[in-house]
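FYI, this note's numbering numbers position 144 of the sequence shown as 322, with every residue one higher than the one before it.
Take a look at the structure set out below.
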Amino acid sequence: MLYRLPNWFLSLFLYVALLFSSCFNKSVDGKFTILTTTGMLGDAIKNIVKEDAEVVSLMGPGIDPHTYQTTHKDVQKLIHADMIFYNGLYLEGKMTDLLEKMAKTRKVYAASDALHKTQLIYEDIFPIGIDPHIWFDVRLWKQVVAFISQKLQEARPESAAYYEENTIAYLKTLALLHQEVTAQMQSIPAQQRVLITAHDAFGYFGKAYDTEVVGLQGISTVAECGLKDIHRIVELILKRNIKAVFFETSVSDKSMRAVLEGCAHYGHKVKIGGCLYSDALGAAGTPAESYCGMIKANTIAIVNALK
Ligand SMILES: [Zn+2]
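What follows is the structure, encoded as structure tokens:
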């Protein structure tokens with residue numbers, strides 16, 4: 179059974195637990211354990227450490243990190259992890275406070291620290307005025323991977339050479355992925371390259387791959403989408419004669435369905451371009467179970483629907 183606990187309780191619990199135990203950061207079976215919030219970070223680390231460490235991600239397929247509530251089980255995992263990586267930029271919403279507190283005394287790192295402030299997208303609609311969805315620009319994600327690898331190598335000098343070798347190979351894979359996404363997106367005529375999604379997750383994708391992006395749910399997923407927003411999107415679709423809109427795996431499709439109804443009301447047929455992976459990886463065994471698979475699956479869906 180999962181208990182939803184208030185933040186103050188979690189902070190107190192963690193503080194007491196860490197105070198009274200000197201061996202809490204050792205995993206039960208002795209294997210070095212790295213905990214991440216998102217699956218995207220977990221996948222990056224698995225590509226660096228391979229079988230050399232245990233990698234655990236708290237937020238599985240379909241989970242929305244903006245509204246994620248820390249459970250009692252999560253606290254146990256946080257206490258037992260040797261290292262923790264989180265996205266940062268307030269992607270983890272309510273959990274951020276806890277992670278920032280832990281970072282003062284433990285090996286806890288925000289992946290977004292890999293980026294220079296000039297690389298970030300600043301928009302008031304996000305809780306701290308910065309778009310946290312940095313994984314959608316593959317070039318930025320390469321920086322994140324290199325940053326994580328450096329932290330892992332510092333923590334595990336005995337495995338540093340192995341991690342470095344794996345990192346170099348993975349960065350090459352990501353460079354190819356970036357080229358592939360660029361070429362695919364360029365195959366859509368510029369006029370039709372408009373991505374309408376459930377929430378504002380694709381800002382970095384749009385900037386990196388020269389695509390206009392419109393999110394229905396302005397601010398992350400926390401704010402409810404109003405009638406005004408739905409009208410705004412319907413008008414845009416009619417005006418630009420846009421062929422498709424997209425659902426997201428970790429966001430409710432309620433508001434986007436209202437957009438489809440709005441378009442139908444005006445006799446404009448819009449198709450559903452598919453369900454994009456926005457803030458979580460796909461389920462195990464599906465092509466989107468990895469970061470590269472997620473980016474590819476999204477790109478294919480977008481190209482097929484808009485081209
Ligand atoms: Zn999001």
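Backbone N, C-alpha and C fix where the C-beta goes; we use that ideal spot for every residue, glycine too.
heavy atom of ligand 1 below 7 Å from residue i C-beta
i    : result
S456 : yes
A379 : yes
H446 : no
H311 : yes
H409 : no
H443 : no
H244 : yes
Short Cβ contact (8 Å threshold) for residue i with residue j
i    : j    : result
L349 : K329 : no
G240 : A458 : yes
T345 : S365 : no
D431 : A347 : no
D230 : S337 : yes
Y268 : P310 : yes
A379 : E426 : yes
Same chain, Cβ closer than 7 Å to residue i, five either side skipped, listed in chain order
i    : result
Y387 : V359, T360, M363
I473 : V316, L355, V359
Candidates the options, of which the one nearest residue i by Cα
i    : options                : result
A436 : L213, N344, V448       : V448
L484 : Y268, Y455, G451       : G451
E232 : M261, D252, I303       : M261
P243 : C441, T296, G460, S428 : S428
Y482 : V412, L276, L373, A442 : Per the sequence presented here, residue 482 reads as Asn, with Tyr not at that position. Looking at the Cα atoms, L373 is the closest of the given residues.
K285 : V322, E336, Q297, T211 : T211
G208 : D221, S456, H258       : H258
G238 : A461, A475, Y469, G471 : A461
A368 : I299, R334, I420       : I420
F383 : L405, Y455, Y341, A442 : Y455
R410 : M280, E301, C441, D275 : C441
heavy atom of ligand 2 below 7 Å from residue i C-beta
i    : result
R435 : What this structure holds is ligand 1, not ligand 2.
Cβ-based neighbour list, residue i, same chain, cut-off 6 Å, excluding 5 preceding and 5 following
i    : result
R371 : T389
W313 : M218, W319
L236 : T215, D252
T477 : V359, Q362
L352 : V316, K320
Same chain, Cβ closer than 8 Å to residue i, neighbours up to 5 away in sequence not counted
i    : result
K385 : I299, D315
Check: What residue ranges within the segment 348-426 form continuous beta strand (DSSP E) runs of no fewer than 3 residues, ordered along the chain?
Finding: If we require 3 residues or more, the beta strand (DSSP E) runs fully inside the segment 348-426 come out as 372-377, 390-395, 422-426.
Exercise. Please list the segments of the beta strand (DSSP E) lying wholly inside the segment 260-310, counting only runs of 3 or more residues, in order along the chain.
Key: Listed in chain order, they are 261-264, 286-288.
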